[in-house]
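Right, one structure below, let's go through it.
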Amino acid sequence: MGIGERIDVFVEAGRKRVFASALDWPGLARSGKTEELAVVALADYLPRYAAVASRAGLEPPGGDVVVVERLPWVAKLADFGALSAPAAAEEKPISAGEGRRFAALLRAAWTEFESAARAAPDVLPKGPRGGGRDTDAIVDHVTETEVMHAAKLGIKLPRPEPEGDAATAWLRSAMLEALEAGIDGVPGGASAWPPRYVVRRSGWHLLDHAWELQDKSG
0 MGIGERIDVF VEAGRKRVFA SALDWPGLAR SGKTEELAVV ALADYLPRYA AVASRAGLEP
60 PGGDVVVVER LPWVAKLADF GALSAPAAAE EKPISAGEGR RFAALLRAAW TEFESAARAA
120 PDVLPKGPRG GGRDTDAIVD HVTETEVMHA AKLGIKLPRP EPEGDAATAW LRSAMLEALE
180 AGIDGVPGGA SAWPPRYVVR RSGWHLLDHA WELQDKSG
């Protein structure tokens, strides 16, 4: 089956929390206490993700949600609210055509996050125990994480390093350029990640915080 006919999902299970991620749709990833609940949560977010796909100029995902792969060991970061590891399916290269599609979705996720951050109040509602970041702290956190994601693709800031928004813009442009050209292997040595996993994790991180900001701004 091709894209649009079903949604292929990778499941990462911790001891108390499970993540389900759409392998072909970076950013479409949700969690739950069980695999079933995580898959249901992902399906529930399809209408919300459709806006991101449309922003990328793509038809939104549709069809049955199908678990095609599970992490064969305990996901170390799942219980802490993060994706943990690449799927075996993500070891294959990214063609130029796939890369352009991924780049469009990643660009749309950045736009979604920036729009949510601009619309959010400076101080956000806190959780029942007083936890949670305010808007500026979320923006800083996302920016710092993008540096890490870019490094996993073998991309580092030039010398002298740009600062602030200029650094963010440079890193994003470099990531998009690399994807749009296609990526044959895993760049950057032993510390790198499979590029498909970098895109999936980066998209999830952007949209997870974008949706957090939107929900707390309501």
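Going by numbering that gives the first Met the number 0, the letters in the sequence shown line up with residues 0 to 217, in that order.
The C-beta atom is built at its ideal place from N, Cα and C for all residues, glycine as well.
Coarse secondary structure for residue i, derived from DSSP in three states
| i | result |
| --- | --- |
| residue 96 | helix |
| residue 137 | helix |
| residue 172 | helix |
| residue 51 | helix |
| residue 88 | helix |
| residue 190 | coil |
| residue 146 | helix |
| residue 115 | helix |
Extent of the continuous beta strand (DSSP E) to which residue i belongs
| i | result |
| --- | --- |
| residue 239 | Shown here, the chain extends from 0 to 217; a query on residue 239 therefore has no answer. |
| residue 68 | 63-69 |
| residue 28 | 28-31 |
| residue 74 | First-last for residue 74: undefined, no H or E at that position. |
Range of the contiguous alpha helix (DSSP H) that encloses residue i
| i | result |
| --- | --- |
| residue 199 | 194-216 |
| residue 38 | 34-43 |
Nonlocal neighbours in the same chain, by C-beta distance under 7 Å from residue i, ignoring five residues either side
| i | result |
| --- | --- |
| residue 208 | 112, 137 and 141 |
| residue 177 | 152 and 154 |
| residue 84 | 11, 70 and 74 |
Of the listed residues the options, nearest to residue i (C-alpha basis)
| i | options | result |
| --- | --- | --- |
| residue 46 | 55, 33, 211 and 27 | 27 |
| residue 66 | 127, 86 and 73 | 86 |
| residue 5 | 21, 12 and 17 | 21 |
| residue 80 | 144, 13, 201 and 49 | 13 |
| residue 201 | 124, 144, 121 and 75 | 144 |
| residue 263 | 133, 102 and 25 | With the chain running from 0 to 217 in the structure shown, residue 263 is simply not present. |
| residue 50 | 84, 104, 77 and 194 | 104 |
Residue i Cβ short of 7 Å to the ligand NAD heavy atom set
| i | result |
| --- | --- |
| residue 207 | Among the components of this structure there are no ligands whatsoever, and the ligand NAD is therefore not found. |
Residue i versus residue j - alpha carbon distance
| i | j | result |
| --- | --- | --- |
| residue 190 | residue 147 | 11 Å |
| residue 169 | residue 206 | 20 Å |
| residue 95 | residue 126 | 43 Å |
| residue 7 | residue 159 | 42 Å |
| residue 219 | residue 76 | Since the displayed the chain opens at 0 and closes at 217, residue 219 lies outside it and no answer follows. |
| residue 175 | residue 102 | 5 Å |
| residue 91 | residue 56 | 25 Å |
Beta-carbon contacts of residue i that lie in its chain and below 6 Å, excluding the five residues immediately before and after
| i | result |
| --- | --- |
| residue 9 | 20, 22, 68 and 86 |
Residues of its chain near residue i, where Cβ-Cβ distance is below 8 Å and the 5 sequence neighbours each way are ignored
| i | result |
| --- | --- |
| residue 54 | 107, 110 and 111 |
| residue 73 | 12, 13 and 14 |
| residue 30 | 16, 17, 18, 19, 37, 40, 77 and 80 |
Chain B contact for residue i (CB, 8 Å cutoff)
| i | result |
| --- | --- |
| residue 169 | Here chain B cannot be found, since the structure has a single protein chain. |
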